[in-house]
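A.B. asks:
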Amino acid sequence: MTVGWPVVLRDGDVVLRPLRLRDAREWREVRARNAEWLRPWEATSPDPVSEAPPTYGAMVRRLQTEARQGRSMPFVVEFGGALVGQLTVGGIAWGSLRGAHIGYWVDQRVAGRGIMPTAVAMASDHCFAIGLHRVEINIRPENVASRRVVEKLGFRPEGLRPAYLHIDGDWRDHLSFSLTAEEVPEGLLARWKAANGWA
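In UniProt numbering, the protein residues as written are 1 to 199.
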């Protein structure tokens, strides 16, 4: 089992909790309503003929298996008790790396309210608390909204990764951002809240 998993993380109305099979109806409704908003940033298969998109159930079972094997922490993001997005800590590696990467999406209806920066800060702090050293986030250069999340939180830009992931039907460049535990000794959530006068 992943160290520190399962876990529920909370700050005010923003909650990160494990993704469940019984979230299917609410998850599908949010995703359907946001299909056009999310399409340009969605992972796709380079071989769509042999690799159909997974069903919700298949996705959850795969993520839960990875969590049991210590490789991921799949969260839903709740705001005010409603499911508004998803955040996954993936690629967890221990040994000499002690790192992971974070991916996320949020409902367009609540974008810009500080929900995703808060969620990413909570997840990053949890990663550091369980002994990980580095958190990485990779974002398409055109994804201005997602880039604002890492900029607000002070993630360090590390450069361009050409043709990094197959997204929206083609291999897409990504910008890489990271943060290490030493860079936020006070905690990323505390720094984020202090920067906004919420502390």
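Each residue gets a CB set at the ideal place from its N, CA and C atoms; glycine is no exception.
1) Pick helix, strand or coil for residue 69, following the three-state DSSP scheme.
2) What would DSSP say about residue 114, mapped onto helix, strand or coil?
3) Quick check on residue 78: buried or exposed, where buried means 16 or more other Cβ atoms within 10 Å of its Cβ?
4) Taking DSSP as the reference, what is the three-state secondary structure of residue 156?
5) With C-beta atoms as the reference, is residue 189 less than 9 Å away from residue 11?
6) Which class does residue 21 belong to by DSSP, given the choice of helix, strand or coil?
7) If you measure between the beta carbons of residue 223 and residue 141, is that distance less than 9 Å?
8) Taking just the CA atoms, how far does residue 93 sit from residue 71?
9) Can you look up residue 161 in the DSSP assignment and give me helix, strand or coil?
10) Cα separation between residue 81 and residue 120?
11) Using the C-alpha atoms, what's the distance from residue 35 back to residue 67?
12) Taking the alpha-carbon positions, what's the residue 38 to residue 105 distance?
13) How should residue 88 be labelled, buried or exposed, when 16 other C-beta atoms within 10 angstroms of its C-beta is the threshold for buried?
14) So for residue 185, helix, strand or coil by DSSP?
15) So what does DSSP say about residue 74, is it helix, strand or coil?
16) Taking Cβ to Cβ, would you say residue 208 is nearer than 9 Å to residue 33?
17) What are the residues that DSSP puts in a beta bridge with residue 177?
C.D. replies: With the structure as the only source:
1) Within the sequence shown, the letter at position 69 stands for residue 69. Three-state result, residue 69: coil.
2) As a position in the sequence shown, residue 114 is number 114, starting the count at 1. Coil.
3) As a position in the sequence shown, residue 78 is number 78, starting the count at 1. That one is buried.
4) Taking the first residue of the sequence shown as position 1, residue 156 is located at position 156. For residue 156, the secondary structure class from DSSP, reduced to helix, strand or coil, is strand.
5) Taking the first residue of the sequence shown as 1, we reach residue 189 at position 189. Taking the first residue of the sequence shown as 1, we reach residue 11 at position 11. In contact: residue 189 and residue 11 (Cβ atoms closer than 9 Å).
6) Residue 21 sits at position 21 when you count from the first residue of the sequence shown. The three-state secondary structure of residue 21, taken from DSSP, is helix.
7) Any answer about residue 223 is impossible in this case: the structure gives the chain only from 1 up to 199.
8) Within the sequence shown, numbered from 1, the residue matching residue 71 stands at position 71. Within the sequence shown, numbered from 1, the residue matching residue 93 stands at position 93. Cα to Cα, the separation comes out at about 7 Å.
9) Position 161 of the sequence shown, counting from 1, holds the residue named residue 161. Three-state DSSP puts residue 161 in a strand.
10) Along the sequence shown, one-based indexing puts residue 81 at 81. Along the sequence shown, one-based indexing puts residue 120 at 120. For residue 81 and residue 120, the gap between their C-alpha atoms comes out near 18 Å.
11) In the sequence shown, the residue the question calls residue 67 occupies position 67. In the sequence shown, the residue the question calls residue 35 occupies position 35. Those two C-alpha atoms are separated by around 27 Å.
12) Position 38 of the sequence shown holds residue 38. Position 105 of the sequence shown holds residue 105. Rounded to the nearest angstrom, the two C-alpha atoms are 8 Å apart.
13) By 1-based counting over the sequence shown, the position of residue 88 is 88. Looking at its Cβ environment, which holds 16 or more other Cβ atoms inside 10 Å, residue 88 is buried.
14) Indexing the sequence shown from 1 puts residue 185 at position 185. Reduced to three states, the DSSP call for residue 185 is coil.
15) Translated into the one-based positions of the sequence shown, residue 74 becomes position 74. DSSP places residue 74 within a strand segment (E or B) once states are collapsed to three.
16) Coverage of the chain is limited to positions 1 through 199, which leaves residue 208 absent and any answer about it impossible.
17) Position 177 of the sequence shown, counted from the first residue, corresponds to residue 177. In DSSP, residue 177 forms a bridge with 137, 157.
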